[in-house]
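Engineer: The numbering used here numbers the first residue of the sequence shown as 2 and each following residue consecutively.
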Amino acid sequence: MHIAITLADNKGLESSISSVFARCPFYILIDPKTKIFTIEENPAQNASGGAGVKAAQWMIDKEATAVITGNLGPKAHDVLSSANMPAFKSQGGNIEETLKAYNEKELESFFEPNVDAHSGIQK
Numbered sequence: 002m003h004i005a006i007t008l009a010d011n012k013g014l015e016s017s018i019s020s021v022f023a024r025c026p027f028y029i030l031i032d033p034k035t036k037i038f039t040i041e042e043n044p045a046q047n048a049s050g051g052a053g054v055k056a057a058q059w060m061i062d063k064e065a066t067a068v069i070t071g072n073l074g075p076k077a078h079d080v081l082s083s084a085n086m087p088a089f090k091s092q093g094g095n096i097e098e099t100l101k102a103y104n105e106k107e108l109e110s111f112f113e114p115n116v117d118a119h120s121g122i123q124k
């Protein structure tokens with residue numbers, strides 16, 4: 002079992018959590034109990050379109066059991082929901098704090114998207 006968390010950088014367990022889902026630079030796939038992890042580049046980060054769908058499908062292909070991110074757009078939300086993959090809103094902080102909040106069931110669930118489509122695109 003592992004969850005996926007959006008990252009702004011690749012510094013192992015010291016990585017900063019990204020508020021962006023589909024266009025964050027990295028994802029950490031981590032077992033919330035053992036803290037065994039891998040960090041992978043986001044294949045959707047520079048997509049010309051459909052980044053939310055591509056990132057969500059990547060999570061499904063990696064068999065993540067949940068996603069933690071700061072923001073989630075409507076298309077990514079739809080893909081994750083159709084796969085019955087829960088998504089939770091990050092409270093910021095670091096990975097250790099985020100895992101603690103996840104394990105203690107303190108993270109808010111995304112019952113619906115909280116940003117508009119294309120909100121992660123840097124202008």
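For every residue, glycine included, the Cβ atom is placed at its ideal position computed from N, Cα and C.
Between the Cα of E41 and those of N47, L30 and S16, spot the shortest distance and give me the residue it belongs to.
Structural biologist: Measuring from the Cα of E41, the nearest candidate turns out to be L30.
Engineer: When the Cα atoms are used, what is the spatial distance from K76 to A84?
Structural biologist: Looking at the two C-alpha atoms, the distance is approximately 13 Å.
Engineer: Leaving aside the five residues before and after K124 along the sequence, list all residues of the same chain whose C-beta is less than 8 Å from its C-beta, in chain order.
Structural biologist: Only weak support is given to the placement of K124: the predicted model assigns it a pLDDT of 48, under 50, and the value that follows is read from those uncertain coordinates. Counting only Cβ-Cβ distances below 8 Å, and skipping sequence neighbours, we find nothing.
Engineer: Using only alpha-carbon positions, find the residue among G71, F111, L108 and E109 that is nearest to S17.
Structural biologist: Comparing Cα-Cα distances from S17 to each of G71, F111, L108 and E109, the minimum goes to G71.
Engineer: Taking the C-alpha atoms as reference points, what is the distance between L81 and P87?
Structural biologist: So the alpha carbons of these two residues sit roughly 7 Å apart.
Engineer: So for A101, helix, strand or coil by DSSP?
Structural biologist: In the sequence as displayed, the identity of residue 101 is Lys instead of Ala. In this structure, K101 counts as helix in the three-state DSSP scheme.
Engineer: Rounded to a whole number of angstroms, what is the C-alpha to C-alpha distance between A57 and L14?
Structural biologist: Answer to the nearest angstrom: the Cα atoms are 23 Å apart.
Engineer: What is the rounded straight-line gap between the Cα of T35 and the Cα of E97?
Structural biologist: Roughly 12 Å separates the two Cα atoms.
Engineer: Quick check: what's the CA-CA separation for P26 versus M2?
Structural biologist: C-alpha separation (whole angstroms): 23 Å.
Engineer: Among F89, A48, N104 and E105, which has the Cα closest to the Cα of N20?
Structural biologist: The question names Asn, yet the displayed sequence has Ser at residue 20. The shortest Cα separation from S20 among F89, A48, N104 and E105 belongs to F89.
Engineer: Buried or exposed for G51, going by 16 or more other Cβ atoms inside 10 Å?
Structural biologist: The residue is exposed, with fewer than 16 neighbouring Cβ atoms inside 10 Å.
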